[in-house]
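What follows is a single structure, written as structure tokens, with notes after it.
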Amino acid sequence: MAAKGKWDGKTWEGIFPSVCVIYTDKTCRQIDYDAYREHLRKNLLSRDIGALVVGGHAGETECLKMEERLKVIKIAQEETKGRIPVVGGVISDSTWDAIEQGKKQKDAGVDGVLFMPPQLLGWDPHTADHFLVEHLKRFDKEVGLPIIFFGSPNNVGTYQILPKTFKKLALEIKSLVAWKITCEYDLGVFLGCMNALRDAEKETGRHVSALCAGDVLLAEVVSLGGDGNLNGGENYRAPEDVEIYKAAKKGDIARARAIQDKMRPINEAIRGVVFGWSWTPFHYRYKVGAWLRGYIPRPHMRLPQMPISKEEVAMMRKAMIDSGMEVVREAEELEVADM
């Protein structure tokens with residue numbers, strides 16, 4: 000069951016779904032707010048999750064107007080009723096625009112924001128991390144919201160952030176409460192970043208939660224001291240991820256890994272690499288997965304996201320069945336958006 004009572008305002012751990020946006024039709028011009036609410040209520044908040052993230056890439060934050068973003072925030076707040084935090088999002092290359100986004104969401108009552116680094120041409124994570132530090136320090140000073148930061152050593156562009164920068168930001172940014180760390184199949188990447196956060200904690204006394212961003216190492220991450228997962232995949236796999244998390248927290252690593260290993264076929268389909276597909280549309284595949292399970296009525300996304308082929312959808316469907324998931328739709332039912 001979903002968490003009961005009121006959130007304590009301090010705990011940032013568990014399964015954090017990055018909620019997808021649902022549109023009324025394939026043009027994606029209008030959000031289907033009723034379907035969005037139903038998805039929150041039936042498929043996410045019915046599980047024992049730790050937060051709702053309505054401002055991530057899976058939630059198409061960069062493609063939504065501010066009034067749309069504020070409306071999905073309001074719906075999430077109405078549905079959570081204060082039981083768990085509602086997290087907005089900041090995606091901007093401009094410090095001042097990031098601040099403006101943060102202030103508007105703070106006025107709307109978000110409990111925190113998922114903060115994306117700005118895209119800097121010629122980014123050098125080894126010698127130029129002061130750009131990120133000053134960017135985030137100014138945001139923290141002007142806005143004062145809890146921050147979940149995003150990035151790791153195996154990302155590209157300015158999302159590539161080294162452990163030394165993890166520690167530096169954890170030391171200097173008092174509002175930093177969690178970090179979304181991508182590690183794919185490399186547990187060492189996650190451990191290096193988490194250890195940098197723990198080193199900072201020894202000096203400050205402030206705990207910054209280490210959240211996995213991927214689909215394949217949740218059991219290992221939690222068993223080694225990680226605080227949970229923040230991922231758009233929860234739109235289609237929240238039940239499984241909650242069970243993995245709970246089993247790992249209890250020390251039942253065998254059960255956690257058994258559930259995780261069973262989902263390997265769909266994990267590989269989402270990434271697409273083993274099939275020769277591009278990795279780029281993985282957010283679209285998350286949405287298609289939710290559609291195949293009957294969780295959402297339509298899986299379309301706004302440009303620049305492009306539809307995946309029905310052949311991919313058919314292979315995803317098979318992968319979900321091979322992973323033991325109940326599937327209620329056929330690939331032929333998908334109305335491919337005319338882009």
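Just so we're aligned: 28 in numbering that gives the first Met the number 0 is position 29 of the sequence shown, and the numbers increase by one with no gaps anywhere.
Just so you know, even glycine gets a beta-carbon here, dropped at the ideal spot from N, CA and C.
Please read all numbers here as calculations on a predicted model, not as lab measurements.
Neighbour-count burial assignment, residue i, 16 or more Cβ in a 10 Å radius
i	result
LYS5	exposed
THR26	exposed
VAL272	exposed
MET65	exposed
VAL327	exposed
TYR184	exposed
LEU120	exposed
ALA209	buried
HIS129	exposed
SER151	buried
SER322	buried
ALA195	buried
DSSP-derived helix/strand/coil call for residue i
i	result
VAL287	helix
PRO158	A small correction: the amino acid at residue 158 is Tyr; Pro does not occupy that position in the sequence shown. Here TYR158 sits in helix by DSSP.
LYS5	coil
LYS245	helix
GLU12	coil
GLY227	strand
TYR22	strand
ARG263	helix
SER222	helix
ILE295	coil
ILE30	strand
LEU43	helix
HIS206	coil
LYS167	helix
THR60	helix
PRO303	coil
LYS201	helix
ILE258	helix
TRP276	coil
LEU217	helix
ASN153	coil
ILE172	coil
GLY271	coil
ASP251	coil
GLY191	helix
Per DSSP, the bridge partner or partners of residue i
i	result
LEU186	Answer is none; LEU186 lacks a bridge partner.
LEU180	Before going on, a small fix: residue 180 reads as Ile here, not Leu. Partner(s): CYS211.
PHE339	Look at the range of the chain in this structure, 0 to 338, and you will see that residue 339 is not part of it.
LEU51	VAL85
SER17	VAL52
Top-ranked residue by Cα proximity to residue i, from the options
i	options	result
TRP290	LEU302, MET324, LYS261 and MET262	MET324
VAL53	PRO84, ASN42, TRP95 and LEU175	PRO84
LEU44	GLU59, GLN76 and THR60	GLN76
GLY49	GLU242, VAL273 and MET319	GLU242
GLY225	TYR244, ALA257 and PRO238	TYR244
LEU302	GLU61, ARG205 and ASN230	GLU61
PRO298	PHE15, TRP11, THR10 and TYR22	TYR22
PRO16	TYR235, TYR283, GLU133 and PRO306	TYR235
GLY111	ARG137, LEU144, ILE90 and TRP122	LEU144
So within the region 305–337, which uninterrupted beta strand (DSSP E) runs reach at least 3 residues, ignoring any that extend past its ends? none
Please give me, in chain order, every unbroken run of the beta strand (DSSP E) with length at least 3 that falls completely inside the region 63–143. 85–89 and 111–114
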